[in-house]
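Take any residue in the sequence shown, count from 1 to its spot, add 38: that is its number in this note's numbering.
For each residue, glycine too, the CB sits at the ideal point set by N, CA and C.
As the structure is a prediction and not an experimental result, all values here were calculated from the model.
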Amino acid sequence: MGTARRAVPDTPDLPDTPAAEGAEALLDRAALATVRRNAGYTPGTAEPVAPDPGAVPLRITGTAADRLALIVAQRSEVLPEWLALVAAGGREVDHANIPALLEHGVHGTRLRPAIAAAVGARGRWLAGLNERWAYVTAERLPGDAFSEKEWTDGTPLERRRALTALRAGDPDAARALLASEWPSLGRAETRRGLLDTLSDRPVPGDAAFLDGVLDDQAANVRGLALSLLTRLPASAHAHRLRGYVREHARLGERRELVVDDIPATRADILRDLALVAPATARSGDDFERTWALITHAPLDVWTDLFGATPDEVFAAAGSARETRLRDAFANAIGLQRDQVWARAVLRLLGEAEGLVGRLADAARGRESAHVEALLGVLPEEERRAVVLAAARDRNRAKTRDTDLAHLARAVGAAWDRELCELFLDRLGGPAPEHGRTPSAYRALCELAAEHLPPERLADLPHDPPRRGSEAEAFLCLRETLRFRLDMHKEL
């Protein structure tokens, strides 16, 4: 103990001990000091955790709950469909699966709204105890109403949900509230999150506020404001962009489109395109400004300026010395969701070698005119009709497995009866004599596994119609359709 070399320290503030010297005294005094130290602690205080709201929604149980656990762990490709089925039935996830589903949404950002609806109030309560799941608190649920308390005292995500709820019922009041708060929002991330509440349904009254946001210091905030203004073609901002097009665009001697470079010194144009003047000139800066102008200027300015139809303007862009002009127009059509332009351009693109060829070129990196994006502008029924017509256009392209896969990806939406029949005939039939590509057949099977109604399993042959890796792909297709069919029955 060392007491032979050094005296035991005096402890005048502690009670006396039986022994005055030696190891016994040292240990006694240490024990007394320990008791005094521990006795000096006061009970801790903390705000109690808010209780679970206690609502009793209809929840999945039994085999449906077991299947969800399997889907989250191993079959995440069918999770979007599962969530849609649960939402359609007005049910929520069982308690045991909520944490795993919330964790899936940490990385699967596309599914966050559906996950928030599926986990309900219990999931939102749990999200308040784990920062990783806080995204749920920003998602609006059916029946949400504006909460003054959440707007005033809530976290940034809770404030976003409150503003979203107000925006759904009174767009002008929500914008006015955001505008009044805007100067005090210090973080760009917070400003962008609240500004995004206007994305669902921009209204003409938003234009003046959004125009002012183009002066924001943060590039991502300015970019969001510009994308919203692009959806308001009657705004003062849109009229200014039309003026810039008239100033810089013309037709050349061969009726090709010419767009003069926008100087980096044009602060007015840069501001309206949410761009900044580069500190030093870089290759590509000039066309970046041209691309932004074509993308965001209302498309009607081109037809008015040249007295031409949309397909004629697009053809003029295709004849230009700058080959990227056509891609910029395709990008503008997709962003502005202009169906008239999309139909005209798709018709023009398909005239040379057929839509199948264009999609195949895009898949191989030879075609960059965003064919799938143009198709995505069309209503679902019309999009399916265009794709079916292309698949049956025997005069222009043989619909090989590869071609059919390109077309099916371009559909995107739910398959109707005719498209299902086209796929069932191809999947259940023998391999073609020429142009057989096992990888393309596997791609067809993967697409069918995702899009075919699961009850069409009965229309597929039980045994694989092809051999080797194609047979394996066919069996995987059958297994996935069986899995989805059972999933539908359980829900």
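field: Coarse secondary structure for L534, derived from DSSP in three states
entry: Any property of residue 534 remains undetermined from this structure, which presents the chain solely from 39 to 529.
field: First and last residue of the uninterrupted alpha helix (DSSP H) at L413
entry: Position 375 of the sequence shown holds residue 413. For L413, the enclosing alpha helix (DSSP H) stretches over residues V409 to V415.
message: Determine whether the beta carbon atoms of G593 and I153 lie at a separation below 8 Å.
response: This structure cannot speak to residue 593, because the chain is shown only from 39 to 529.
query: In three-state terms, what does DSSP make of E360?
result: The sequence position of residue 360 within the sequence shown is 322, counting from 1. In this structure, E360 counts as coil in the three-state DSSP scheme.
- prompt: What residue does the beta strand (DSSP E) around R288 start on, and which one ends it?
  reply: Along the sequence shown, one-based indexing puts residue 288 at 250. Per DSSP, R288 belongs to the beta strand (DSSP E) from A287 to L289.
query: What are the boundary residues of the beta strand (DSSP E) that V124 is part of?
result: Against the sequence shown, residue 124 aligns to sequence position 86. In the DSSP annotation of this structure, V124 is not part of any beta strand (DSSP E); the continuous alpha helix (DSSP H) holding it starts and ends at L117 to A126.
message: In the DSSP output, what is R97 paired with across the bridge?
response: Residue 97 sits at position 59 when you count from the first residue of the sequence shown. E130.
- prompt: Can you tell me whether DSSP reads N433 as helix, strand or coil?
  reply: Here the question's residue 433 lines up with position 395 in the sequence shown. Bear in mind that the predicted position of N433 carries a pLDDT of just 46, short of 50, making it too unreliable to give a figure here.
Secondary structure of V297, DSSP reduced to three states: Counting from one through the sequence shown, the residue named residue 297 turns up at place 259. In the three-state DSSP reduction, V297 falls in the strand class (E or B).
- request: Please confirm whether R97 and V131 have their CB atoms less than 8 Å apart.
  value: Along the sequence shown, one-based indexing puts residue 97 at 59. Along the sequence shown, one-based indexing puts residue 131 at 93. For the 8 Å CB-CB criterion, R97 and V131 form a contact.
- request: Run the CB neighbour count on T303, radius 10 Å, all protein chains shown included, and call it buried at 16 or more, exposed below.
  value: Numbered from 1 along the sequence shown, position 265 holds the residue referred to as residue 303. By the 10 Å Cβ count, T303 comes out exposed.
- request: Use the C-beta contact count for E188: other C-beta atoms within 10 angstroms, 16 or more gives buried, fewer gives exposed.
  value: The count along the sequence shown starts at 1 and reaches residue 188 at position 150. Within 10 angstroms of the beta-carbon of E188 lie 16 or more other beta-carbons, which makes it buried.
task: Determine, using beta-carbon pairs with one atom in the segment 320-334 and one in the segment 382-390, whether at least three such pairs fall under 8 Å.
output: Contact fails between the segment 320-334 and the segment 382-390, because fewer than three Cβ pairs, one in each stretch, are under 8 Å apart.
Outcome for G100 when other beta-carbon atoms lying within 10 angstroms are tallied against a minimum of 16: In the sequence shown, the residue the question calls residue 100 occupies position 62. Exposure of G100 is indicated by the presence of fewer than 16 other C-beta atoms within 10 angstroms of its C-beta.
- prompt: Is the beta carbon of A138 sitting closer than 8 Å to the one on A103?
  reply: On the sequence shown, position 100 is the one that residue 138 refers to. On the sequence shown, position 65 is the one that residue 103 refers to. No.
task: Determine the contact status of R447 and A469, defining contact as a CB-CB distance below 8 Å.
output: By 1-based counting over the sequence shown, the position of residue 447 is 409. By 1-based counting over the sequence shown, the position of residue 469 is 431. In this structure, A469 does not lie closer than 8 Å to R447 by Cβ.
- request: Sort L279, A69, R292 and V110 by Cα distance to A353 and report the nearest one.
  value: Taking the sequence shown and counting its residues from 1, the one referred to as residue 353 is at position 315. When only C-alpha atoms are compared, the closest one is R292.
message: For a test of the three-state rule: what should DSSP assign to L331, helix, strand or coil?
response: Taking the sequence shown and counting its residues from 1, the one referred to as residue 331 is at position 293. In the structure shown, L331 sits in a helix (DSSP, three-state: H, G or I).
- prompt: Does DSSP put R284 in a helix, a strand or coil?
  reply: Walking along the sequence shown from the start, residue 284 turns up at place 246. In the structure shown, R284 sits in a helix (DSSP, three-state: H, G or I).
- request: Would you kindly work out how many angstroms separate the C-alpha atoms of L108 and R198, rounded to a whole number?
  value: For this step, residue 108 is matched to residue 70 along the sequence shown. For this step, residue 198 is matched to residue 160 along the sequence shown. Computed Cα separation, rounded: 33 Å.
message: Less than 8 Å between C-beta atoms, sequence neighbours within five positions excluded: which residues of the same chain meet that for N433?
response: What you label residue 433 is simply residue 395 of the sequence shown in a count that begins at 1. Because N433 sits at a pLDDT of 46, beneath the cut-off of 50, its placement in the model cannot be relied upon, and the following sentence gives the value as read from the coordinates. Result list for N433: empty, nothing under 8 Å.
message: Within the continuous alpha helix (DSSP H) that includes L465, where are the two ends?
response: Sequence index remark: in the sequence shown, residue 465 carries index 427 (1-based). According to the DSSP assignment, L465 belongs to the alpha helix (DSSP H) that extends over R455 to G466.
- prompt: Of all the options L70, T41 and P53, which has the alpha carbon lying nearest to the alpha carbon of E59?
  reply: Taking the first residue of the sequence shown as position 1, residue 59 is located at position 21. When C-alpha distances from E59 are compared across L70, T41 and P53, the shortest belongs to T41.
message: Going by C-alpha to C-alpha distance, which of A77, R113, A69 and N168 sits closest to T518?
response: Numbered from its first residue, the sequence shown carries residue 518 at position 480. Answer by Cα proximity: R113.
task: Answer yes or no: do L266 and D244 have a C-beta to C-beta separation smaller than 8 Å?
output: Along the sequence shown, read from residue 1 onward, the residue named residue 266 stands at position 228. Along the sequence shown, read from residue 1 onward, the residue named residue 244 stands at position 206. Cβ atoms of L266 and D244: closer than 8 Å.
query: For L311, which of P56, H334, R320 and V409 has the nearest alpha-carbon?
result: Here the question's residue 311 lines up with position 273 in the sequence shown. When the alpha-carbon of L311 is set against those of P56, H334, R320 and V409, the nearest one is in H334.
message: So, with DSSP's three-state summary, where would you put G234?
response: Taking the sequence shown and counting its residues from 1, one reaches residue 234 at position 196. Gly is not the amino acid found at residue 234; the sequence shown has Asp there. D234: helix per DSSP, three-state reduction.
message: With a threshold of 8 Å, are at least 3 pairs of Cβ atoms found where one atom belongs to the segment 66-75 and the other to the segment 486-505?
response: No, the segment 66-75 does not touch the segment 486-505.
task: Check whether the Cβ atoms of L195 and L149 lie closer than 8 Å to each other.
output: The residue you call residue 195 lines up with position 157 of the sequence shown. The residue you call residue 149 lines up with position 111 of the sequence shown. It is not a contact, given that the beta carbons lie outside the stated cut-off.
Boundaries (first-last residue) of the alpha helix (DSSP H) holding V251: Within the sequence shown, numbered from 1, the residue matching residue 251 stands at position 213. Its alpha helix (DSSP H) spans residues A245 to V251.
task: Leaving out five residues on either side along the sequence, give the residues of the same chain with a beta carbon under 6 Å from the beta carbon of P56.
output: One-based indexing of the sequence shown puts residue 56 at position 18. Taken in chain order, the list of residues that qualify is empty.
- prompt: DSSP state of T518, grouped into three classes?
  reply: Here residue 518 corresponds to residue number 480 of the sequence shown, with the count starting at 1. Looking at T518 - three-state DSSP - the assignment turns out to be helix.
- prompt: With DSSP run on the structure shown, which of helix, strand or coil describes S114?
  reply: Taking the sequence shown and counting its residues from 1, one reaches residue 114 at position 76. The answer is helix: DSSP assigns S114 an H, G or I state.
Per-residue DSSP class, three states only, for A58: Counting from one through the sequence shown, the residue named residue 58 turns up at place 20. A58: coil per DSSP, three-state reduction.
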